[in-house]
Structure formats: structure tokens, C-alpha cells
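Asker: Using my numbering, read the sequence shown as starting at 3 and increasing by one per residue. Note that the Cβ used here is the ideal one computed from N, Cα and C, for glycine as well.
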Amino acid sequence: MPTVTTTPTSTPTRADAELMPRQATTGGFTMIELIVVVTILGLLASVVAPNLDGLSPKYRLRSGARTIGQNISWARSLGGGVGGEYVIQYDLSQNTFTIVLPPQEDEDPDLEIDARQTMGTMTVPDGIEISRIMHPDGGSEESGVVDIMLDEYGTTGSHIVLLTNEENNSIAVYFEAIIGSIQYMPGDEAEFPRW
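1) Tell me which same chain residues have a C-beta within less than 6 Å of the C-beta of residue 143, skipping the five on either side of it?
2) Note down, one range per segment and in chain order, each beta strand (DSSP E) of at least 3 residues found wholly within the stretch 31 to 109.
3) Assuming the contact rule is C-beta atoms closer than 8 Å, residue 71 and residue 186 should be a hit. Round their C-beta distance to whole Å, please.
4) Compare the beta carbon distance of residue 154 and residue 86 with 7 Å and say whether it is the shorter of the two.
5) Distance check for residue 174 and residue 94, CA to CA, integer angstroms please.
6) Report the CB separation of residue 63 from residue 167 in whole angstroms; it is logged as a contact under 8 Å.
7) Beta-carbon within less than 6 Å of residue 107's beta-carbon, same chain only, minus the 5 sequence neighbours each way: which residues are those?
8) Suppose you measure from the CA of residue 163 to the CA of residue 33; what does that come to, to the nearest Å?
9) Do you know offhand how far residue 48's Cα is from residue 41's?
10) Find the nearest neighbour of residue 125 within the set 159, 30 and 68, judged by alpha-carbon distance.
11) From this set, 58, 121, 116 and 101, which residue's C-alpha is nearest residue 159's C-alpha?
12) In whole angstroms, what is the alpha-carbon distance linking residue 207 and residue 78?
13) Taking all protein chains shown into account, decide if residue 83 is buried (16 or more other Cβ within 10 angstroms of its Cβ) or exposed.
14) Please report the distance separating the alpha-carbon of residue 39 from that of residue 30.
15) Just grab the DSSP bridge partners of residue 185 for me.
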């Protein structure tokens, strides 16, 4: 008598698959392991990255110059967009700068600068000094509080801010009010163009 063998003609059902033993994998990472590693790397990067400017006085100097340049541009944009006379106030003894708002509608239009509201005081990075403010008329100031007026038309407020670090390196932030440009240059080359 011949033997008859039957072969299944259909694929295993889900119930059959659940009954089959799982094969163990020997390589690769689980999704949980990958997520944990990426999370740890992200946390490390968030702690280390903001502190890279502090590794070198040169980078702190550049960071301070960028911060001042961005705030000058911002104040000029506010003056032109919102209208009114904004003031950038530098305190050379404290190495701080402040954007002073124009007088409010319910305030006296000739309100003293020190009585106006500000957008907060910012400090340059540690080890950096605002050493001099230079004016287009050739004058400069090396101490005290210096007020730079930025009118709503964008025609006033040209100045150069000279920053120096503890290694006596310097960088200048040159603001040209009429065209609204900010330029960065070595501090020893800082001067207004003479035409």
C-alpha cells in the first residue's frame, strides 16, 4: 500500500504563528537602546554646546561683538517699524548695554532717557570689556554712560563699539545708521571713513 503524504497548501494563520517558537536574534540594537543612547547624547550636547564660547577668549570676544551687533540692528528695526526714538545706552564701567524704549503715548515726549522703560540690560561675556565708543565726528568716550539715539527715520546713531578681551585683543562693531549696516573689524583698524 502506498503512503500518502499531505502538504499544507495554505500559509500559517495568526494562531499558528503565535504557537511557533520565536527565533532569538543575535545582533543589532533594540529600539529602546537606540532611544536611550540618542537621549543621552542630546543631553550631553545641550550641556556642552552653550559653553563652547567660554573655551577661548577669542570666541568670547566674537560672541560679545555679535550680541551687540544684533541688538543694534534690532533697535534700529524697532525704531523704523514701530516709530519713535530708541536709545542704546552703554555703561562702560559695568560693561553693559541697554535698549531704551521711546516715551509711551501717555508720557511726556521729552521724557529723560533714564526715566524711560527699557528692554532689559545685557552684559558682555566675562573677560570682555566695552573699552570705547567712537562717534562719526571723531570724538570717543572711554568711561561712563554713553547714549546713542536711533531715530525713527534711521538716520542717526552711527557709532563704533570697541570690545577688548583679557589678552588685549580687540574687535570693533561698526554701525552705519543711514544704510543700517553692521560691520565687524579688528579693533586696531576701527575708524569712520573720511570722505
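Answerer: Walking through what the data contain:
1) 135
2) 88 to 93 and 98 to 102
3) 7 Å
4) yes
5) 15 Å
6) 5 Å
7) none
8) 52 Å
9) 11 Å
10) 68
11) 101
12) Since the displayed the chain opens at 3 and closes at 197, residue 207 lies outside it and no answer follows.
13) exposed
14) 14 Å
15) 176
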